[in-house]
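Numbering (the working numbering), first residue to last: -17 to 313.
Heads up, the beta-carbon is just placed ideally off N, CA and C, and yes, glycines get one too.
Written below as structure tokens is the structure these notes are about.
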Amino acid sequence: MAHPFHIHPGTKHFKWSRDLPPVLTVLSGAEISFDLHDGGNNQIRLDNAETALSSFDFTQADPGHGTVFIEGADPGDVPRVKFLELETADYGWTAIFPGFGILADEFADQLPALRMWDLRGAAGRGYLESASPSPPFLGTIGIAPAEGGDHPMVPPMLLTGGNLDTRHITRGSALYLPVQVAGALLSVGDGHAAQGDGEVCGTAVETPMRCRLRVTVEKGGGAGAKKSWCTHGPAIVMAPRETLGAVGGDGREFMAVGVDADLHEATRKAVRGVLAWLGAEKGMERAEAYMLASMAGSLKLTEVVDMPNYVVGFGIPLGIFVDQGDHSVRV
């Protein structure tokens, strides 16, 4: 991924701020490559997997890499960030940390938990047909906020993005962000080899990543302009499915349904249903199932208008299982 515009891991920062100095200035239309530390700032690796969680420093988590000043990007404009290449390292990890995840209170006596993933493409190890059941993507893509002062990397922000953790922002897709300060001051990070919608245990398959993207300024995103639909927050144009290389068999899923007057509790019920199915049908321990659900499952708000109850579905694609066949799932 050699490219004239390159950003190396030493450009990390742990805050969003309009006062961060840019490490690179580019014109609209430029392509930029990045070497990125993972969302844990490379604190968890193959060589220290047995001890990494005991010394994990959360102040070093979720680094952004940048910032990039885009010439001609002014408030009211919209940069289009097109993702051209995303290359994972040969390993990744999924962890359950105290206080994180939709079932955090139910896993307090099983923490911390860590799963290392072999991303070299070897199939047949574990319960995955492929090392990547969904395409790689960047969990963090954001620009500087208009408000002064320092802002945390997490949670994401409405107008400027950040730690969006949206798996559809992958190769071939484009993200639009409304500029808040001159130059936009773009930063990226938090590479994921795979993740399901929801990231239910709090992490996905976290991995260092190399990426290449193109930034193009679309002028005048105000009311009535071409991109007025994204001036109030991030927007995504997803890649055609045939370019993604995701697995999933014939598209069938196992989906548990949670129903409750509280959306949070409905979601918890749906996740518990999938964990129970993975234990009963796939023989998986609960923590292992929880991590698989985090990186391969998909939350769906299937019904949110017939008050007082919400209906939430949580699905696992059947095509990710090595032993998948007509005999293994009753339909």
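What residue range is occupied by the uninterrupted alpha helix (DSSP H) comprising residue i?
i: Lys64; result: Lys64 -> not in any alpha helix (DSSP H); beta strand (DSSP E) instead, spanning Val60 to Thr70.
i: Ala252; result: Leu245 to Lys264
Would you tell me roughly how many angstroms separate the C-alpha atoms of residue i and residue j, rounded to the nearest one?
i: Glu88; j: Leu28; result: 28 Å
i: Asp244; j: Gly81; result: 20 Å
i: Pro45; j: Asp172; result: 7 Å
i: Asp1; j: Gly130; result: 8 Å
i: Val239; j: Thr(-7); result: 43 Å
i: Pro4; j: Phe(-13); result: 13 Å
i: Thr284; j: Phe236; result: 14 Å
i: Arg254; j: Leu167; result: 41 Å
i: Ser10; j: His47; result: 19 Å
i: His(-5); j: Gly74; result: 22 Å
i: Lys201; j: Lys264; result: 52 Å
i: Ala105; j: Ala126; result: Unreliable positioning characterises Ala105 in this predicted model, as indicated by a pLDDT of 41, which lies under 50. A coordinate reading is not provided.
i: Arg268; j: Thr198; result: 45 Å
i: Val161; j: Pro57; result: 5 Å
i: Ala60; j: Ala71; result: The sequence as given places Val at residue 60; Ala does not occur at that position. Straight-line Cα distance between these residues: approximately 31 Å.
i: Asp39; j: Glu67; result: 30 Å
i: Asp17; j: Gly297; result: 33 Å
Quick check on DSSP: helix, strand or coil for residue i?
i: Ser276; result: helix
i: Ile(-11); result: strand
i: Asn145; result: strand
i: Ala12; result: coil
i: Gly21; result: coil
i: Leu6; result: strand
i: Arg102; result: coil
i: Thr41; result: helix
i: Glu188; result: strand
i: Arg27; result: coil
i: Leu93; result: coil
If you follow the beta strand (DSSP E) that residue i is part of, which residue opens it and which one closes it?
i: Leu168; result: Ala166 to Ala176
i: Ala156; result: Ala156 to Tyr158
i: Cys193; result: Met191 to Glu200
i: Glu235; result: Glu235 to Asp242
i: Thr122; result: Phe119 to Gly124
i: Phe296; result: Tyr292 to Pro299
i: Trp75; result: Tyr73 to Ile78
i: Ile52; result: Gly46 to Ile52
i: Ala217; result: Ala217 to Val219
At a cut-off of 7 Å, is residue i close to the ligand HEM when judged by its beta-carbon and the heavy atoms of the ligand?
i: Ala90; result: Absence of the ligand HEM is noted for the structure shown, with no ligands found whatsoever.
With residue i and residue j assumed to form a contact (beta carbons below 8 Å), what rounded beta-carbon distance in angstroms separates them?
i: Val256; j: Gly279; result: 6 Å
i: Ser169; j: Gly124; result: 6 Å
i: Gly184; j: Gly261; result: Not confirmed; about 20 Å, so no contact.
i: Ala31; j: Leu96; result: 6 Å
Discussion item. With three or more C-beta pairs closer than 8 Å as the rule, is the segment 127 to 146 touching the segment 182 to 191?
Written reply: no
Worksheet item: Would you call the segment 177 to 184 and the segment 53 to 61 in contact, with 3 or more CB pairs under 8 Å?
Response: no
Discussion item. Whether or not the segment 149 to 161 and the segment 25 to 39 are in contact is what I'm after, with contact meaning three or more pairs of Cβ atoms, one per stretch, closer than 8 Å; do they touch?
Written reply: Too few Cβ pairs lie closer than 8 Å, so no.
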